[in-house]
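Engineer: The structure that follows is given in the form of structure tokens.
Right, here's the structure in full:
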């Protein structure tokens, strides 16, 4: 158990330079509003790329209660790149298996990561206060992040023409010592579902609010339930409703009870109401204590546009979904990884301001996909008519024995990264490929080795453009090597990484070149790679182009397209809903 009680950790308010007049006229590159998981992930990602970041938060604590607990493999891959993934996995409860029950019988189970050869599990369960605490401690290690606690944004004015060098955003910030003003080239609003920044610019989110209520109970107990996701429909201990059970670290279990729209949200949080519900599930003699209780309703909604001038929205401030499927925090962290590399390159003058428009389009598309899946899950879990209830129960009954019915069961389609098929940053295939690693897909992992040391593919990618080459330098002709060397020395480098089935390719024969052994052949299999295949990978580990042979001009053109430095003829991102 961690020696730090993150739920009770408080941070000191300190006056900043602007309050003393020391930087009254300075314009910061980026101000992030909100020090939750999305805001901290954005700040860390930018800082690791050399961008100084100010983070403003109106509170001085981390989150209370478990809140977001399910963090998906893709999010763990991002946390690895941010320097805190291992710590989260070591603390979290790893799981891949889920089970679905109708009344007191198991209908079926599923494995979200049935194949070997992945560094990270499908999911970990980890209370949000740990995630925020570990991200905060990682941020403290970076000298170019300044977090200002008890700094509440109460005013916002944009100046200049969007995209111009003189454009900026001025914030009025309220503190215990009074108000001050500070400016930034760009502001990233990660200030939650009630986003004050969103209100200050006069826009709102639109969507659907679900007329149902759920009770969350964090229960501390010793139990022999496995580390799996268990979901009950109409269980005998909570008839006509649904229940979800997850194990968390520190012998804490998360239980979600559906209550119905008529439930009194205040009364239902009282221990005399909560304890009998938990006892009905665990048994009358079960010994447990309540750690945290909350009653919630939820909506599936989003802002129409995630970019407003030099203010960009990410996480819950931009979109909201139901908790079924673990799509909220995971999609927010993926917002951060999509935005940070683009913002860093724009600030460095290596990409046009219009590249930030692709952040909005890509993540609006992903939000629509999440909202669609979340809405369908909620409609299945909480049928609003007798006919819908009959259909749902028939599907669950058939699912015991028939695989086709299991495809219709929806207790929460669990979070997966959006495949950005129609992104204008992609270069369409000119060669034939099979498999899932299409332009727009997030890269998947595979085991590698080098100089006798085990490793993984994903740490070789990310934070820069990479040419992932299947083969060795010795297998390429001189012109291909020269093209790769030229790309590696461009103003926006494309760094070559070589992956080969040759077990002796990492013996130093290739000098300083980045050559790795595909120890199980899984990298070549997952990327449908033959000798000479090359993938161009974005700094956020998304594929943006691929070819069967190395063509320096084609790679350079695809890199320019992925930077938004050319204007390809392509359709906008379609609506996923």
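In the UniProt record's numbering, the protein residues as written are 1 to 577. All C-beta atoms, glycine included, are put in the ideal place defined by N, C-alpha and C.
In angstroms with no decimal places, state the Cα-to-Cα distance between residue 223 and residue 276.
Structural biologist: Spanning the two alpha carbons is a distance of roughly 18 Å.
Engineer: For the putative contact between residue 58 and residue 152, defined by C-beta atoms under 8 Å, what is the C-beta separation to the nearest angstrom?
Structural biologist: Contact holds; Cβ gap of about 4 Å.
Engineer: To which residues of the same chain is residue 458 closer than 6 Å at the C-beta, ignoring the five residues directly before and after it?
Structural biologist: Result list for residue 458: 77, 445, in chain order.
Engineer: Please identify the residue among 297, 238, 37 whose C-alpha is closest to the C-alpha of residue 133.
Structural biologist: With distances taken between Cα atoms, residue 133 lies closest to 37.
Engineer: Which residues share a DSSP beta bridge with residue 218?
Structural biologist: 254, 292.
Engineer: Buried or exposed for residue 204, please, with buried defined as at least 16 other CB atoms from any protein chain shown within 10 angstroms of its CB.
Structural biologist: Exposed is the call here.
Engineer: DSSP on residue 452, reduced to helix/strand/coil?
Structural biologist: Here residue 452 sits in coil by DSSP.
Engineer: Using CA coordinates, which residue listed in 103, 45, 99, 61 is at the minimum distance from residue 84?
Structural biologist: Selected option, being the one with the closest Cα: 45.
Engineer: Just verifying my parser: in three-state terms, what is the DSSP assignment at residue 102?
Structural biologist: If DSSP states are grouped into helix, strand and coil, residue 102 belongs with the strands.
Engineer: Measure the CB-CB distance between residue 470 and residue 497 and report whether it falls below 8 Å.
Structural biologist: No; because the gap between Cβ atoms is not below 8 Å, this pair is not in contact.
Engineer: Taking the straight line between their C-alpha atoms, what separation do you get for residue 218 and residue 94?
Structural biologist: Rounded to whole angstroms, residue 218 to residue 94 spans 18 Å at the Cα level.
Engineer: Taking one C-beta from the stretch 337-353 and one from the stretch 535-544 each time, how about it: are there three or more such pairs within less than 8 Å?
Structural biologist: Yes, the stretch 337-353 is in contact with the stretch 535-544.
Engineer: Flag this pair as yes or no: are the beta carbons of residue 371 and residue 302 separated by less than 8 Å?
Structural biologist: Contact: yes.
Engineer: Taking only runs of the beta strand (DSSP E) that begin and end inside the stretch 269-323, which ones reach a length of at least 3 residues, in chain order?
Structural biologist: Whole beta strand (DSSP E) segments, 3+ residues: 289-303, 311-313.
Engineer: Between 431, 107, 254, 242, which lies nearest to residue 220 when the distance is taken from Cα to Cα?
Structural biologist: When each option's Cα is compared against that of residue 220, the closest is 254.
Engineer: Of the residues 477, 434, 210, which one's Cα is nearest the Cα of residue 530?
Structural biologist: Selected option, being the one with the closest Cα: 434.
Engineer: With the cut-off set at 8 Å, would you say residue 317 and residue 443 are in Cβ contact?
Structural biologist: Their beta carbons are not under 8 Å apart, which means residue 317 does not touch residue 443 by this criterion.
Engineer: Would you mind sorting residue 127 into buried or exposed? The rule is 16 or more other CB atoms within 10 Å of its CB.
Structural biologist: Buried, because 16 or more other Cβ atoms sit within 10 Å of the Cβ of residue 127.
Engineer: Roughly how many whole angstroms lie between the Cα atoms of residue 17 and residue 28?
Structural biologist: Taking the straight line from one Cα to the other gives about 12 Å.
Engineer: If the criterion is Cβ atoms closer than 8 Å, does the pair residue 103 and residue 236 meet it?
Structural biologist: Yes, the Cβ-Cβ distance between residue 103 and residue 236 is below 8 Å.
Engineer: Between the alpha carbons of residue 574 and residue 145, how many angstroms are there, rounded?
Structural biologist: Its pLDDT being 48, under 50, residue 574 is placed unreliably by the model, and the measurement read from it follows with that caveat. Their Cα atoms are separated by approximately 36 Å.
Engineer: Taking the alpha helix (DSSP H) that residue 364 belongs to, which residues open and close that run?
Structural biologist: Where residue 364 is concerned, the enclosing alpha helix (DSSP H) stretches over 355-381.
Engineer: Bridge partners of residue 51, per DSSP?
Structural biologist: DSSP lists no partner for residue 51.
Engineer: May I ask which residues mark the beginning and end of the beta strand (DSSP E) holding residue 186?
Structural biologist: Element bounds for residue 186: 178-189.
Engineer: Express the C-alpha separation of residue 60 and residue 13 in angstroms, rounding to a whole number.
Structural biologist: Their Cα atoms are separated by approximately 7 Å.
Engineer: Along the alpha helix (DSSP H) that carries residue 155, what are the first and last residues, could you check?
Structural biologist: Element bounds for residue 155: not the alpha helix (DSSP H) but the beta strand (DSSP E), 152-159.
Engineer: For the alpha helix (DSSP H) that residue 405 lies in, which residues bound it at each end?
Structural biologist: Run containing residue 405: 403-406, per the alpha helix (DSSP H) assignment.
Engineer: Quick check on the DSSP output: the beta strand (DSSP E) that includes residue 420 runs from which residue to which?
Structural biologist: From DSSP, residue 420 is part of no beta strand (DSSP E); its letter is neither H nor E.
Engineer: For residue 488, which of 468, 56, 501, 289 has the nearest alpha-carbon?
Structural biologist: For the residues 468, 56, 501, 289, the minimum Cα distance to residue 488 belongs to 468.
Engineer: What whole-angstrom Cβ distance do residue 532 and residue 550 have, given they're in contact under 8 Å?
Structural biologist: Correct: roughly 7 Å between the Cβ atoms.
Engineer: So what's residue 434 in DSSP terms, helix, strand or just coil?
Structural biologist: If DSSP states are grouped into helix, strand and coil, residue 434 belongs with coil.
Engineer: Considering Cα atoms alone, identify which of 39, 464, 64 is closest to residue 54.
Structural biologist: Nearest C-alpha to residue 54: 39.
Engineer: Using only alpha-carbon positions, find the residue among 178, 346, 194, 335 that is nearest to residue 359.
Structural biologist: Selected option, being the one with the closest Cα: 335.
Engineer: Between the stretch 101-118 and the stretch 556-563, do three or more beta carbon pairs fall short of 8 Å?
Structural biologist: The answer is no - the stretch 556-563 does not touch the stretch 101-118, with fewer than three Cβ pairs under 8 Å.
Engineer: Nearest-angstrom Cα distance between residue 332 and residue 363?
Structural biologist: Whole-angstrom Cα-Cα distance: 9 Å.
Engineer: May I ask which residues mark the beginning and end of the beta strand (DSSP E) holding residue 31?
Structural biologist: Run containing residue 31: 27-33, per the beta strand (DSSP E) assignment.
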